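A short worksheet on the structure shown next.
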Amino acid sequence: MMDEEESDQEMSDILTAPSLYLRPAFFKQTRKKGKIIKSVSERYLRDDLGLGCYYVDEGVSNRRAKEATVAKPRTIEDSNHLLSLLRTDKSNALVICDTNVLLHNLDILEQSQKVMPNLVFPQTSLVECRSNRMVAYDRAVELLREVGEKHHNRCCIFFPDMHHSQTAHIEEDEIESINDENDARIRNVAALFGEHLRGSNFRVILLTDDVASREKAKKTKHLYEAMSVRSWAKELDDLHPGLSLTDSVAQYGNPTSTKGGKSGSEEDIFRPHVGQSELSMGVKSGRYYRGAIRSERSSKGAYVTIRRGDERIAVTIENTLDRNRAIDGDVVAIELHSIEKWISTDTSKSNNIQGVERKKVEIADETAEPTQNELANVPDAISVDDKVRNLKPTGRVVGILRRNFASYSGSIYEKAKGSTSEVSEREKIALENEREHADGSATCVFFPTDTTIPPILIRTSQRDRFLGQRIVVTMDSWPSYSSYPLGHYVETIGPAGSKDVETEVLLQQFKIAHEPFPAQVLACLPPNDYKITMVPDRVDLRHLPVLSIDPPGCKDIDDALHCIVLPNGNYQVGVSIADVTHYVSPGSAMDLEAANRSTSTYLVNKRLDMLPALLTTDLCSLRANVDRYAFSVIWEVTPDAEILNVDFKKTVIHSIAALTYQQAQTFIDQPDNHNDDPQVGAVKRLASLARKFRKKRIDAGALTLASPEVKFVLDSESLNPTDVQAYALLEANALVEEFMLLANITVAKKILRHYPTLSVLRRHPAPNRAMFEGLISKARCRGFEIDIENSKRLADSLDAAVLESEPYFNKLLRILSTRCMSPAQYFCSGEFRPMDWHHYGLAAPVYTHFTSPIRRYADVCVHRLLAAAINVAPLPAHLSSKTYLHDLCANMNRRHRAAQLAGRASVQLHTLIFFANDSKEEDAYILDVETAEKSDPSVRVMVPQYGIEGQVKLPVSSDDPKLVRLPKENKIIYNGNVSMQVFDKVRVKIWVREIQAYQRELEIELLNPSFSLEVPNKRKADSTEVSKKKKKSRKKKKSMP
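Under UniProt numbering, the first residue of the sequence shown carries the number 1, and numbering increases by one thereafter.
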């Protein structure tokens, strides 16, 4: 039996042992009414958690992601087990990561696998990271779970300190707030590992940028060391020469100071942000409004969408001070300005039209640049009273609720070769902010390629190595005393100017998803040997002569057509579209990924798909001679193109041919006696109907517009451009377009009848007169009136504007007319009045996208709506939410525009490569003439052959007395005999100017008409002198006997 002394000792041990149940309590005072609130949380502790857990590889997770592994946790039992896992290196350290390390310095952890192989992520750090920044949390968890051959040199440990009996207990005198408790627990973790590794060759480092926490750590009797991230990175750099890890340390202090922090002499440039708790109270009380800030690409303006009840309104943020350090995508709190500071819609429109900064030479625009509020389908004006009906509300940012700091690609500033004495805006920024530091590092100015992001100040010891390179920089902070945000270097992409590097840069610039599809998406795919079989609720159309017509080499074939003669003499016409929704289940990982990407992106040399290749180019692609699932719209049509009825069916089809546009055109051009061939007969009947449908659309007011689109001929090996050709449109192109339009309009009407407030539609608002004023005045110079009262009048006035002397004039007008209109946008029908559903360009009351679900997510949504409308599938729950549909449409609009801009940037890049080795002379047309007094004489020209346009500076000075400006006629005259007017044809030379060894730009130089006076005058003098000599010679001959 146990004696009394032993029993007392056991009871004493029990009483002094840590409890396995905690109820920590905190008191806080509310700001609004000053009440004291007690906050209590319950937590159960465990004593069997060892020293945390690590992850091991347990094989391949699925048949498609061969490199994906299943990471399973294993408990670290004791000190010996821990020592067997730790990797040795020069520092021999086990690093405990504080919350701020995970939030701001993950780049350091990710890049230092060999020099910092042993990491511990406390649960507290991960929980705080998750509540503050989900992106950082995901990266941290991914780092923690990395296993396999690629990561065998690293040991990452997860430690559950919040439930561990040896770390969860905190002395009461250490706790004043929840943050204090969290910091104390993380220090306990460091102390625990220090105790277990005492006497070994390993140091324990608590990595934290919290100065107070480092000071408290000094009381731990040397069980571990507490260091800042920069100090630890400097130590590793000293151990590993050439590592330069300090360049990747996040910045929070003064960018021009080696000590960091705000010096006493520095004054705030921006107003301090309001604290988080006050922001929350302000939003709840209605004093402040919450929303995401969006930057305009074409100007320095921005807007924030706020909600007032069920209504949304876009609030304009006019200037840098009102933005108050908010960047694109930040969730901010704003305060509205008084109504006296709101701006009229007329003023803002004229400012937008005149204030767009144009590049010297660029790819010609197709449409007007949409504003961010147009992409989000949010009005930006309010009817105020009877006198001032439309004003744009303005406001200022008072605080930031959630930062959207990210990584950006771009270059360090370097002065251009042969630059003039005139200081550029970039050089001015560099002169004001670049500094050398005593430790050998320098503050440099990084200019992102994304024009919505301001310059970023980074501190680096590798400035010379970065020059001429495209690098990636992450934004860290933006102190109120700094003109620009602070950031740190992440990685080098490669030499600037390289085609592959610049392609990678433009994908990052426009945020185009180009990473491989993740394993969870690939796991949603059917097996490679998936077979198409007849299933219930599908109609078998494999007996019909279905065929597709696409560009050469097309692999993602969305649509196919058929046209057969019925016994009554009418036609059965069908448009069959790939049934993507058969393979993409609502809410699946693949569906969420497709919704995020929203569209495929087409570059000159590559295609970035919305869906994995197995669907894009195989199972969903309506290739010839294979069975495929489809969603078909089938009409009965008279030979005069009168639609008698329509039906919608899920089908199985078997395409008999995948024709190119040229092949289809050959069939159209054949005599009618060749109609016995099923392919030829179908194409000719479709062409006949398409002409009649097109005439009906044109008569109803549909516009025939144009764009300066070109195509490249690429070298088969290098994929460099060898030729540039204007894109030729055939009647076969118009045939396909006509039936796609018919299908889209027909489906729009169907889904609207069933879901009048939930339909995903596409609207094209009528342009306002301000957007057309420039074109109207230019056309008037040539004797033509452009009427924009409605689309019918605009179409008629464009048809009438023909110059027999210049055939291209009419197409040029149509190109410029297209630019005066904003592009069409996706929207939810419940957010607009029916009169606002109208598609101006097509003269259609309703319109949607149904015909390209392989490459557009909007079409996927419409397929689901149509399937529900015909009772073959239920409507997914998320498509019943107008709020979800609003956000979805806004994302689709932004992604669609980003894909267009990325495509244009790719064309710009390849155009530069094409002209790099050889200049070209070509005809061009004047789009605009600079007629303002004291401005540099110049004209803006378009070169149709290459689809480019640019500003051409004329070789005369602005104060030359021989120069006459005629603004009303959009014309200038020089020396009485050289004139240039809008729409004139001129001759230009296109060449590439080298700014740096890695930086080049296109130049357009005027060849004809010539502004040179010396040569013509000299020739005139020479001819006069010759004439005099001839006269003297004749006189001498006459005087001779």
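Ideal Cβ positions, reconstructed from N, Cα and C, are used throughout, including at glycine. Please read these numbers as outputs of a predicted model, since none were measured by experiment.
Considering Cα atoms alone, identify which of the options is closest to residue i.
| i | options | result |
| --- | --- | --- |
| residue 311 | 813, 211, 831, 447 | 831 |
| residue 577 | 854, 491, 656, 431 | 854 |
| residue 909 | 500, 972, 775, 739 | 500 |
| residue 433 | 694, 481, 846 | 481 |
| residue 883 | 760, 786, 968 | 760 |
| residue 617 | 559, 935, 834 | 559 |
| residue 696 | 733, 741, 720, 444 | 741 |
| residue 734 | 684, 848, 863, 612 | 684 |
| residue 407 | 467, 331, 491 | 491 |
| residue 891 | 512, 214, 424 | 512 |
| residue 122 | 180, 846, 189 | 189 |
| residue 835 | 498, 845, 944, 539 | 845 |
Helix, strand or coil for residue i? Go by DSSP, reduced to three states.
| i | result |
| --- | --- |
| residue 300 | coil |
| residue 881 | coil |
| residue 839 | strand |
| residue 134 | helix |
| residue 381 | coil |
| residue 1044 | For the chain, the structure presents residues 1 to 1041; residue 1044 sits outside this window and is missing. |
| residue 610 | coil |
| residue 786 | coil |
| residue 751 | helix |
| residue 984 | coil |
| residue 556 | coil |
| residue 57 | strand |
| residue 155 | strand |
| residue 853 | coil |
| residue 645 | strand |
| residue 510 | coil |
| residue 579 | coil |
List the residues that DSSP assigns as beta-bridge partners of residue i.
| i | result |
| --- | --- |
| residue 848 | Paired residues: none, contrary to the question. |
| residue 764 | 839 |
| residue 828 | 760 |
| residue 991 | 1003 |
| residue 942 | 925, 949 |
| residue 713 | 723 |
| residue 491 | 472 |
Beta-carbon separation of residue i and residue j under 7 angstroms?
| i | j | result |
| --- | --- | --- |
| residue 837 | residue 763 | yes |
| residue 368 | residue 74 | no |
| residue 373 | residue 381 | no |
| residue 668 | residue 687 | yes |
| residue 212 | residue 104 | no |
| residue 484 | residue 454 | yes |
| residue 701 | residue 817 | no |
| residue 624 | residue 589 | no |
| residue 305 | residue 314 | yes |
| residue 207 | residue 232 | yes |
| residue 229 | residue 332 | no |
| residue 626 | residue 946 | no |
| residue 1043 | residue 94 | What is shown of the chain runs 1 to 1041, which leaves residue 1043 out entirely. |
| residue 1044 | residue 224 | Beyond the ends of the chain as shown, which are 1 and 1041, falls residue 1044; an answer cannot be given. |
| residue 248 | residue 107 | yes |
| residue 186 | residue 47 | no |
| residue 494 | residue 474 | no |
| residue 857 | residue 598 | yes |
Between residue i and residue j, how many whole angstroms is the CB-CB distance? I'm expecting something under 8 angstroms.
| i | j | result |
| --- | --- | --- |
| residue 583 | residue 526 | 6 angstroms |
| residue 361 | residue 948 | 6 angstroms |
| residue 125 | residue 461 | Actually they are not in contact, since the Cβ atoms of residue 125 and residue 461 sit about 29 angstroms apart, beyond 8 angstroms. |
| residue 411 | residue 471 | 7 angstroms |
| residue 983 | residue 782 | 6 angstroms |
| residue 738 | residue 690 | 4 angstroms |
| residue 660 | residue 545 | About 18 angstroms separates the two Cβ atoms, so there is no contact after all. |
| residue 916 | residue 992 | 5 angstroms |
| residue 967 | residue 986 | That belief does not hold up - the Cβ atoms of residue 967 and residue 986 are roughly 20 angstroms apart, past 8 angstroms. |
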